[in-house]
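K.L.:
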Amino acid sequence: MDPTNTYDGWGRMQEMKMPEAKITKDVACLPGYESFWAVSRERLSYSGVTTWCRSPGYSPLAAQADCLAGGDSDLDREGRFLEALKDKMYASDMHPSLGSHAAAYSAAELDWVRCIMRDFPDAWRSKHPAATDCFTVWEERTSARAFNAGCRIDLILLSPELLPQVLACDIVTDVPPKWSDHAPVLLELSDVPLLQPHAPCALSSSRMPRFSQQRSIATMRNHRKRERKRFPSR
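To convert, note that position 185 of the sequence shown is 185 in the UniProt record's numbering; the numbers rise steadily by one, no gaps.
#1: Counting along the chain, where does the alpha helix (DSSP H) carrying C29 start and finish?
#2: Do you know offhand how far A168's Cα is from A146's?
#3: Per the DSSP calculation, A168 is bridged to which residue(s)?
#4: Could you tell me the distance, in whole angstroms, from the CA atom of W94 to the CA atom of I156?
#5: Determine the direct distance from the alpha carbon of T51 to that of R207, and round the result to whole angstroms.
#6: When you compare the CB positions of L194 and Q165, do they come within less than 8 Å of one another, or not?
#7: Can you check DSSP and say which residues form a bridge with A91?
#8: Looking at the unbroken beta strand (DSSP E) that takes in A63, where does it start and where does it end?
#9: State yes or no: is the C-beta of T136 within less than 8 Å of the C-beta of I116?
#10: The alpha helix (DSSP H) spanning D133 covers which residue range?
#11: Just list the residues that DSSP pairs G150 with in beta bridges.
#12: For D122, does the three-state DSSP call read helix, strand or coil?
#13: My understanding is that P56 touches P197, with C-beta atoms under 8 Å, so please give their C-beta distance in whole angstroms.
#14: Report the rounded CA-to-CA distance for M89 versus S47, giving the unit in angstroms.
#15: Apart from the five residues on each side of it in sequence, which residues of its chain come closer than 7 Å, Cβ to Cβ, to R118?
#16: Confirm, please, whether the CB-CB distance from K22 to F211 is below 8 Å.
#17: Using only alpha-carbon positions, find the residue among T142, A107 and P121 that is nearest to A91.
#18: Helix, strand or coil for R77 per DSSP?
#19: Bridge partners of H182, per DSSP?
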């Protein structure tokens, strides 16, 4: 899938399952976009989160991977979280679920989620306050999607100041199940100010050493070709 056909400002994909060594320039450095990758450091092709941002305009001033870990080595290793810092907006695969599967979790775990959501409201719920039986993930082994028995754990949480700018927030269920056991969640905001052009931050794909080296090699080759044309006897 080409994110340039999907995301007007920024978009995030979870469960990327791509080890860092296999990230290629044509995926990481799409024309007009930069990307930010958080990958598992220990289990190849496991989990992972990627964010593409249109540049200039939506390129973040800073980005940080694993910033929720707080010393928890499991979170650090898995690479399940990446935050592109602009407005206070968090797109997350949020466990545990507060819905029909809440009984599977402890009171402390549920209180932790409720505490977060008190400070950062759920964008989808703000637009669909009375909706029921709307889910973002289904158990593949039991073909649960066929009879819509799932959980809604893929959330976009916003600071309260951003809620008036939410034009729409929808769960996209008409994607091929083979893509993922999760459904995409799309958010549309109004009046999002564009940032002035600035240098890419440290985590940007445009600053990945091997891609910078590729550009340097390409530049050298083009220079040599021009030199040969100017001085064919060399």
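In this text, a Cβ means the ideal position worked out from N, Cα and C, and glycines have one as well.
P.N.:
In short:
#1: Careful: C29 lies outside any alpha helix (DSSP H) and carries neither H nor E.
#2: 26 Å
#3: Answer by DSSP bridge pairing, in chain order: E188.
#4: Inspection of the sequence shows that residue 94 is occupied by Met rather than by Trp. The straight-line gap from Cα to Cα measures roughly 9 Å.
#5: 15 Å
#6: no
#7: I156
#8: A62 to A65
#9: The beta carbons of T136 and I116 sit no closer together than 8 Å.
#10: Per DSSP, D133 is not a residue of any alpha helix (DSSP H), being assigned neither H nor E.
#11: Beta bridge pairing from DSSP links G150 with W138.
#12: strand
#13: 4 Å
#14: 21 Å
#15: The answer is none, since no qualifying residue turns up.
#16: Cβ distance not < 8 Å, so F211 and K22 don't count as in contact.
#17: Taking A91 as reference, the option from T142, A107 and P121 with the minimal CA-CA separation is P121.
#18: Any reading at R77 is ruled out, since the residue's pLDDT is 48, under 50, leaving its predicted position unreliable.
#19: V137
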